[in-house]
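Scroll down for the structure; my scribbles are underneath it.
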Amino acid sequence: MEGGKHLDPPLDKSSTPRNHQKTHECSECGKSFACRSLLLTHRKVHVGSGSTEGLEVEKSNSGNEGLSSSRLKPYKCEDCDLRFGQKSDLLTHQKIHTGEKPYQCLECGKFFREKAHLRNHEKIHTGKKPYNCWECGKSFSQISGLWHHEKIHAGIKSYKCYECGKCFTDSPSLRKHEKTHTGEKNEKCLKCGKCFILKSTLWLHQRRHTGERPYQCSECGIRFMHSSELKRHQM
1 MEGGKHLDPP
11 LDKSSTPRNH
21 QKTHECSECG
31 KSFACRSLLL
41 THRKVHVGSG
51 STEGLEVEKS
61 NSGNEGLSSS
71 RLKPYKCEDC
81 DLRFGQKSDL
91 LTHQKIHTGE
101 KPYQCLECGK
111 FFREKAHLRN
121 HEKIHTGKKP
131 YNCWECGKSF
141 SQISGLWHHE
151 KIHAGIKSYK
161 CYECGKCFTD
171 SPSLRKHEKT
181 HTGEKNEKCL
191 KCGKCFILKS
201 TLWLHQRRHT
211 GERPYQCSEC
221 GIRFMHSSEL
231 KRHQM
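For what it's worth, my numbering labels the leading residue of the sequence shown as 1, then goes sequentially.
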């Protein structure tokens, strides 16, 4: 990972006895794990954080030990050698290398590689938050947001900044943080020319030009530019 280091998440000692055999093996690097959930978490190192590509078929000493990776995953990416069980998964993965993002949000203009990612993103604009944290009850519009939030309760911060040593629960947070060290402001407003470190800050700024107020109070109908303004209003 560019600019940062992905550290293996700590094992949960309460659910993983010392003598527990590591029967779940990663087909990409050969590393073994005591339970499938840890293997799936590790696999994100190979296919990208938050992605589920290629996670459905894994080598296990108790299961498909005799089957080769090429038989289980006949479709190979020529750019990075990752293999996939279905051609559609390969075609979706290849968009990472080409940079292709054909699906656009009509609400804010953001582009996405997959239609499913666009559908998840659109929930932000509707205000619906169907994913709830069992630990604290906080709700999220996207399941990826819930996964990242759950790491806070678990104390997992796998992404470390080389510059200051600060750790983060996900790679996007690390990348945003790293820009505070470089001071780079590559996100420019085409309306007024003002530059920003983060794209998210640019989007918030652009609402001042467009007058967009996407956050609406369900009680009185008043709309706000920022979610924080809506929260203060509802208190």
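Quick reminder that beta carbons are idealized off the backbone N, C-alpha and C, glycines included.
With the cut-off set at 9 angstroms, would you say residue 104 and residue 82 are in Cβ contact?
No, the pair does not count as a contact, with Cβ atoms beyond the cut-off.
Roughly how far, in whole angstroms, is the beta-carbon of residue 236 from the beta-carbon of residue 166, given that I think they are within contact range, below 8 angstroms?
This structure cannot speak to residue 236, because the chain is shown only from 1 to 235.
Within 10 angstroms of the Cβ of residue 211, are there 16 or more other Cβ atoms? Answer buried if so, exposed if not.
Its Cβ having fewer than 16 others within 10 Å, residue 211 is exposed.
Might you give, ordered along the chain, the residues of its own chain that have their beta carbon closer than 8 angstroms to the beta carbon of residue 216, omitting 5 neighbours on each side?
Hits under 8 angstroms: 127, 222, 223, 224 and 230.
Any idea what DSSP makes of residue 120, helix, strand or coil?
Three-state result, residue 120: helix.
Could you give the DSSP three-state label for residue 151: helix, strand or coil?
Three-state result, residue 151: helix.
Other residues of its chain near residue 113: CB distance less than 6 angstroms, five sequence neighbours each side excluded:
If we look at residue 113 and ignore the five residues flanking it on each side, its Cβ neighbours are 95 and 101.
Identify the continuous beta strand (DSSP E) that holds residue 160 and give its terminal residues.
In the DSSP annotation of this structure, the continuous segment of the beta strand (DSSP E) that includes residue 160 starts and ends at 159-161.
Helix, strand or coil: which one does DSSP assign to residue 230?
If DSSP states are grouped into helix, strand and coil, residue 230 belongs with the helices.
Is residue 215 near the ligand SAM, with its Cβ less than 8 angstroms from a heavy atom?
The model depicted lacks the ligand SAM and carries no ligand whatsoever.
Can you give the beta carbon distance from residue 129 to residue 139, rounded, assuming they're within the 8 angstroms contact cut?
About 4 angstroms separates the two Cβ atoms, so the contact holds.
At the level of alpha carbons, what is the spacing between residue 24 and residue 71?
Between residue 24 and residue 71, the C-alpha separation is close to 18 angstroms.
Identify, in the order they occur along the chain, each residue of the same chain with its Cβ nearer than 7 angstroms to the Cβ of residue 207, setting aside the five sequence neighbours on each side.
Around residue 207: 225.
Strictly by DSSP, which residues pair up with residue 181?
BP columns for residue 181 are empty, so no partner.
According to the neighbour-count rule (16 or more other Cβ atoms, all chains shown, within 10 Å of its Cβ), is residue 79 buried or exposed?
Residue burial annotation: residue 79 is exposed, with fewer than 16 other C-beta atoms found within 10 angstroms of its C-beta.
Straight-line CA distance for residue 135 to residue 152?
Going by the C-alpha atoms only, they are around 10 angstroms apart.
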